[in-house]
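Quick notes on the structure that follows.
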Amino acid sequence: MTLLRSFRRCAALLGLAAGLMAAGSSHAVPSYARQTGQDCVACHVGGFGPQLTPFGVKFKMGGYTDTDGQSGKVPLSGMVVGSFTHTGKDQAEAPAPGSRLNDNRTLDEASLFIAGKLADQLGSFMQITYDGVGKSSSLDQMDLRFAHATDIGGKDLILGATLNNNPGVQDPFNTLPVWSFPYAGSPLGFGGVETGTLINGGLEQHVLGLTGYAFYDNSWYAELGAYRGLSRTAQERMSLGTADDPGRVAGNTAYWRLAWFQDLKRQAWSAGVFGFNAGIQPDRLSGGPTNRYHDLGVDAQYQFLGTRDHIFTVQGSHIWERQSRDAMLAAGEASHAGGYLRETKLNASYNWLQTWGFSVGRFLTTGDSDATLYSANAHNKPNTQGTTFQADWTPWGKEGSWLAPWANLRLGAQYTAYSEYNGAARNYDGSGRKASDNNTLFLFAWTSF
Amino acid sequence: MLALAAMLPTARAAGDMAVGGKLYAENCAECHSVKEGRNKKGPSLFGSFQRKAAALPDFAYSDALKASGIAWTQEQLDAYLTLPKKAVPGGKMKFDGLPDAKERADLIAYLSTIK
Chain A
41 MTLLRSFRRC
51 AALLGLAAGL
61 MAAGSSHAVP
71 SYARQTGQDC
81 VACHVGGFGP
91 QLTPFGVKFK
101 MGGYTDTDGQ
111 SGKVPLSGMV
121 VGSFTHTGKD
131 QAEAPAPGSR
141 LNDNRTLDEA
151 SLFIAGKLAD
161 QLGSFMQITY
171 DGVGKSSSLD
181 QMDLRFAHAT
191 DIGGKDLILG
201 ATLNNNPGVQ
211 DPFNTLPVWS
221 FPYAGSPLGF
231 GGVETGTLIN
241 GGLEQHVLGL
251 TGYAFYDNSW
261 YAELGAYRGL
271 SRTAQERMSL
281 GTADDPGRVA
291 GNTAYWRLAW
301 FQDLKRQAWS
311 AGVFGFNAGI
321 QPDRLSGGPT
331 NRYHDLGVDA
341 QYQFLGTRDH
351 IFTVQGSHIW
361 ERQSRDAMLA
371 AGEASHAGGY
381 LRETKLNASY
391 NWLQTWGFSV
401 GRFLTTGDSD
411 ATLYSANAHN
421 KPNTQGTTFQ
431 ADWTPWGKEG
441 SWLAPWANLR
451 LGAQYTAYSE
461 YNGAARNYDG
471 SGRKASDNNT
481 LFLFAWTSF
Chain B
492 MLALAAMLPT
502 ARAAGDMAVG
512 GKLYAENCAE
522 CHSVKEGRNK
532 KGPSLFGSFQ
542 RKAAALPDFA
552 YSDALKASGI
562 AWTQEQLDAY
572 LTLPKKAVPG
582 GKMKFDGLPD
592 AKERADLIAY
602 LSTIK
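Given below as structure tokens:
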């Protein structure tokens, strides 16, 4: 069993997120630039997605429909990511079929996007991805949204609805797990935590959700909605496979979000709270026991934008997850009927001339001990912490750039250093492996067109 | 002759151009270019000072701006940049305005040099 498969199995077993370790790249799509007449730097810090400027935040809230008024724009884009991964020590098993124990070069993914204005108030961000490691194609992230701009008492109001397949993918700020730093991750190395909260990608692509949102007076953002799980048949038809099926998503799922946003042109900031509740029935049998997850998060970010020559950003989030593990307990997969998981992220970045980027992100996950659920971990805990550093170069995406608005490119070097992994700094797996053995160097080339 | 020259509209507005350039980068450059013929979501601002509004043939202006009949004089720009939605109701520009009169003067001074 490969590391990735092992991780997926663990995630399915727990009903938890597997997103970070199998992280793909997030997204930047030039079709939006072609549609709006804007340069990539208008919407993205550093000229490459997904980190949004205030302009980008509002473009997303506006349903991806803003244009320069010219006709004939085609809402199609593409993306290709290739990388090299080196880990501090060889992995015990090859991380994917056909890969080596270390020093892997890969075509991470190639994606086609339907991204842009589809009708007057209807726009999309839909991604179909070929996974170069898993050698399969499937519907990836999806955010189809309707937005209507109006005003109340002279104050601007955007009312919208989004149909999407990942709780948080629709969020316009870069603080929820789906779009937070690091924006690209190694598919064959280590790039975060092995055990995550449910809202941290635990259900991505395996659910369909409808939420409604309002953005009032360019300040207040509120969103509310619910998700339903896809049947196994639907997952098979969408080429998702059933190995990662989280189980039947029981009723009473709820996603909610409240945030305060200020765009002061020279600087911007936001602060908010969010929550997601879901029940998952792993065996899909009627009347069977259900695991329940209650996620509650707080987040904030600050951006100093100035003249855009020197941009500083800081983002942070903390998520508490309360788990009721009835199904796991019944199946002998957990010792305790309940427990908590806590995730903290704090990231900072500096971007020079919208070309050179330097980022650092600190991550920390802690959880209650459970001798069965975390039996493979030291001290029977999921605790993991570390720091991710990244330097990147984005030569295009600015006014007058070569091939603008037809192509963009980012070359980056990312290094993730672990001080604790799955419960310990040393011998976390009982076989003598240290957390620092998982330190990962990830060199990537990421292009979109 | 000198008296006649003094009566002609000034080709450059008063204000601190250097500060105006910075204000332009902070507030305007995402949507506007100062390069001739380079329209973004907003039209190129090259040569816009004292030009009739909605004058570029290859840009899709709002009907409201086309019907406004205004020209971008110092006074009209000052009113427009104070609160675009009030100066041209129904216009397309999504900008909340510059409330500081000194900043508006500096920005207009910078724009008056772009030609």
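Heads up: the protein sequence lines correspond to chains A and B, in order. Here the first sequence is numbered in the numbering used here, starting from 41 and rising by one per residue. Here the second sequence is numbered in the numbering used here, starting from 492 and rising by one per residue. The beta-carbon is built from N, C-alpha and C at its ideal position, and this holds for glycine as well. None of these values were measured; they are calculated from a predicted model.
Taking 7 Å as the cut-off, the beta carbon of residue 467 of chain A is found no closer than this to the beta carbon of residue 417 of chain A. A check of alpha carbon separations from residue 133 of chain A across A:478, A:489 and A:254 identifies A:478 as the nearest.
If the five residues before and after residue 182 of chain A are omitted, its C-beta is found closer than 6 Å to the C-beta atoms of 166, 204 and 205, all from its own chain and listed in chain order. About 5 Å separates the CB atoms of residue 231 of chain A and residue 456 of chain A; that is less than 8 Å, so the two are in contact.
Going by C-alpha positions, residue 227 of chain A is about 30 Å away from residue 297 of chain A. Listed in chain order, the positions of the region 516 to 543 of chain B with a beta carbon within less than 8 Å of a beta carbon of chain A are 516, 517, 518, 520, 521, 522, 524, 526, 529, 530, 531 and 532.
Residues of the region 327 to 356 of chain A with a C-beta atom less than 9 Å from some C-beta of chain B are 345, 346, 347, 348 and 349, listed in chain order.
In the three-state DSSP reduction, residue 419 of chain A falls in the helix class (H, G or I).
For residue 334 of chain A, DSSP records a beta bridge to A:317 and A:362. Look at residue 99 of chain A: its C-beta is not under 7 Å from any C-beta on chain B. Within the region 80 to 91 of chain A, contact with chain B at the beta-carbon level (separation under 7 Å) is assigned to 82. Looking at the DSSP output, residue 192 of chain A sits in a beta bridge with A:195. Apart from sequence neighbours up to five positions away, the residues of its chain that approach residue 410 of chain A with a beta-carbon distance below 7 Å are 374, 375, 376, 379 and 420, ordered along the chain. When the beta-carbon positions are compared, residue 367 of chain A and residue 322 of chain A come within less than 7 Å of each other. Sequence-distant Cβ neighbours of residue 606 of chain B in its own chain, meaning closer than 6 Å and more than five residues away, are 538.
Contact with chain B is absent for residue 190 of chain A, since none of that chain's Cβ atoms lies less than 7 Å from the residue's Cβ. The beta strand (DSSP E) runs lying completely inside the region 125 to 191 of chain A and spanning 3 residues or more are 144 to 159 and 162 to 171, given in chain order. The contact set of residue 108 of chain A on chain B, defined by CB atoms closer than 9 Å, consists of 530, 531, 532, 533, 550 and 551 in chain order.
Under a criterion of Cβ atoms nearer than 8 Å, the residues of chain B adjacent to residue 77 of chain A are, in order, 530, 531 and 532.
The beta strand (DSSP E) runs of length 3 or more contained entirely in the region 416 to 463 of chain A are, from start to end of the chain, 424 to 433 and 448 to 460. Counting C-beta atoms within 10 angstroms of its own C-beta, residue 597 of chain B has 16 or more neighbours from the protein chains shown and is therefore classed as buried. Only 303, 305 and 306 from the region 302 to 322 of chain A bring a Cβ to less than 9 Å from some Cβ of chain B. With a beta-carbon spacing of about 5 Å, residue 123 of chain A and residue 148 of chain A fall inside the 8 Å limit used to define contacts. Under a 10 Å Cβ-count criterion, residue 145 of chain A is classified as exposed, with fewer than 16 other Cβ atoms of the shown protein chains found around its own Cβ. Between residue 263 of chain A and chain B, the shortest Cβ-Cβ separation is not below 7 Å. Only those residues of the region 225 to 240 of chain A whose C-beta falls short of 7 Å from the nearest C-beta of chain B would be listed, and there are none. Counting the other Cβ atoms within 10 Å of the Cβ of residue 292 of chain A gives fewer than 16, which makes it exposed.
Around the beta carbon of residue 350 of chain A, fewer than 16 other beta carbons lie within 10 angstroms, which makes this residue exposed. Contact residues of the region 359 to 385 of chain A toward chain B are absent (C-beta to C-beta distance below 8 Å). For residue 400 of chain A, the enclosing beta strand (DSSP E) begins and ends at 396 to 407. A Cβ-Cβ distance of about 6 Å is found for the pair residue 381 of chain A and residue 237 of chain A, placing them in contact under the 8 Å criterion. At a cut-off of 7 Å between beta carbons, residue 557 of chain B makes no contact with chain A.
Using beta-carbon distances, residue 577 of chain B does not count as an interface residue toward chain A, since no partner is under 7 Å.
Between the C-alpha atoms of residue 156 of chain A and residue 267 of chain A there is a straight-line separation of about 24 Å.
In this structure, the alpha-carbon of residue 337 of chain A lies about 13 Å from that of residue 218 of chain A. The beta carbon of residue 276 of chain A does not come within 7 Å of any beta carbon belonging to chain B, so the residue lies off that interface.
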